[in-house]
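Accompanying notes for the structure given below.
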């Protein structure tokens, strides 16, 4: 049986008036991130391309303790603002990070 992880991804895209540098601060600085995404307030990035993309891991508090990754990608738009793409996807149970934790 083939599992389609692609089908489980949630992809959101927003056109923001703020410049990329301001959006970057909002998603990478814990005090700012806590204002709109408390679950990731103290998270450390698992991947980062400065000013362009950052990813965080999340884990459900209760059983079954599903782990997922939230990836934020920024690019300047034609109006001087930012296109923000957010991809929230499950992490495979055999992912190397989870295997190390076992």
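Residue numbers (this note's numbering): 110 to 211.
Every residue gets a Cβ at the ideal spot worked out from N, C-alpha and C, and that includes glycine.
On a predicted model such as this, the values are computed, not experimentally measured, just so you know.
Nearest-angstrom Cα separation, counted from residue j out to residue i
{"i": "residue 176", "j": "residue 163", "result": "17 angstroms"}
{"i": "residue 122", "j": "residue 174", "result": "27 angstroms"}
{"i": "residue 182", "j": "residue 137", "result": "12 angstroms"}
{"i": "residue 155", "j": "residue 168", "result": "13 angstroms"}
{"i": "residue 187", "j": "residue 172", "result": "44 angstroms"}
{"i": "residue 214", "j": "residue 166", "result": "Residue 214 is absent from the model: the chain starts at 110 and stops at 211."}
{"i": "residue 144", "j": "residue 158", "result": "23 angstroms"}
Cβ-based neighbour list, residue i, same chain, cut-off 6 angstroms, excluding 5 preceding and 5 following
{"i": "residue 201", "result": "none"}
Residue i and residue j closer than 8 angstroms at C-beta
{"i": "residue 191", "j": "residue 185", "result": "yes"}
{"i": "residue 149", "j": "residue 179", "result": "yes"}
Close-in-space but distant-in-sequence residues of the same chain around residue i (CB under 8 angstroms, 5 per side omitted)
{"i": "residue 283", "result": "Nothing about residue 283 can be reported from this structure: the residues present for the chain run from 110 to 211 only."}
Beta-bridge pairing of residue i - partner residues as DSSP gives them
{"i": "residue 147", "result": "DSSP output for residue 147 lists no bridge partner at all."}
Contacts around residue i, its chain only, beta-carbon distance under 7 angstroms, and the 5 residues preceding and following it disregarded
{"i": "residue 124", "result": "186, 190 and 192"}
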